[in-house]
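First up is the structure itself, then whatever we jot down about it.
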Amino acid sequence: MSSRMFLGAAAAALLAATALAQDAAMPSAADAATIAGPDGSRYGTTSHGGVFGLGSVYRLAPDGTTTTLHDFGSAADDGATPLDRLVYDARTGRFYGTTAAGGANACGARQAGCGTVFAISPGGRFRTLHVFSGAEEGDTPDGALVQTSDGDFYGRTRHGGAFDTGAIFRMRPNGALTVLCPFGIAAEEVWPASGS
């Protein structure tokens, strides 16, 4: 398969996953959709609230007990404002997600921090895998990550990149990130606004 065909398939998968995540999200961006974990609990994120007001990752047990696993803002690079659902990788036993803001890199006047990609275990062991720079790779990850059969994750950023209109990226489970395509080369390559 050519790299151009693969990129088209990755972009199509991202669009489909983003549409599903947007349909499942609360209109006020309160909570992203939850997903089932290996223990029968549901796992999700809140975009606001938590100890620092920057969102959290939580577990909802089958008996209705809710446990906060991580409060964003508890470390300089852990991010803020997770807007999309988590993805569970059975190979690593971890959930993966993004934050739309926060992280150690400044993104100018647009927001405090360019966003992050993180991993968290069902028990709450949290690790920041990547902090966006706002440069070529873009900033403000938007839409849920999509995992392919080889274990890699694909995602998009809304801003930054070569034309300040975001980019598609691939990330290995260890956090190594590669930009595949910047948006903005042609008008149709700019992502539509959420809900469009």
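FYI, in my numbering the residues of the sequence shown are 4 to 199.
The beta carbon of each residue, even a glycine, is placed where N, CA and C say it ideally should be.
Values in this document were obtained by computation on a predicted structure and should not be read as measured data.
Where residue i sits in the DSSP three-state scheme
i      : result
Thr151 : coil
Val60  : strand
Phe166 : coil
Arg45  : strand
Thr202 : Since the displayed the chain opens at 4 and closes at 199, residue 202 lies outside it and no answer follows.
Pro144 : strand
Val54  : coil
Ala79  : coil
Ala39  : strand
Asp87  : coil
Residues that residue i bridges to, as DSSP identifies them
i      : result
Gly158 : Phe172
Asp92  : Arg97
Limits of the unbroken beta strand (DSSP E) element including residue i
i      : result
Cys184 : 180-185
His73  : 69-74
Residue environment, residue i, which counts as buried when at least 16 other CB atoms sit within 10 Å
i      : result
Ala115 : exposed
Val60  : buried
Thr95  : exposed
Ser31  : Because the pLDDT at Ser31 is just 30, under 50, the model does not fix this residue reliably, and the point stays unresolved.
Thr69  : exposed
Gly67  : exposed
Ser152 : exposed
Thr181 : exposed
Asp145 : buried
Val54  : exposed
Ala179 : exposed
Pro210 : No information on residue 210 is available, as it lies outside the stretch 4 to 199 that the chain covers here.
Ser44  : buried
Arg130 : exposed
Gly127 : exposed
Pro85  : buried
Ala103 : buried
8 Å Cβ cutoff, residue i in contact with chain D
i      : result
Cys117 : Although the question refers to chain D, the structure presented lacks it and comprises just one protein chain.
- Task: Starting from the N-terminal side, write out each stretch of the beta strand (DSSP E) that is 3 residues or longer and does not extend beyond the region 100-126.
- Result: 119-123
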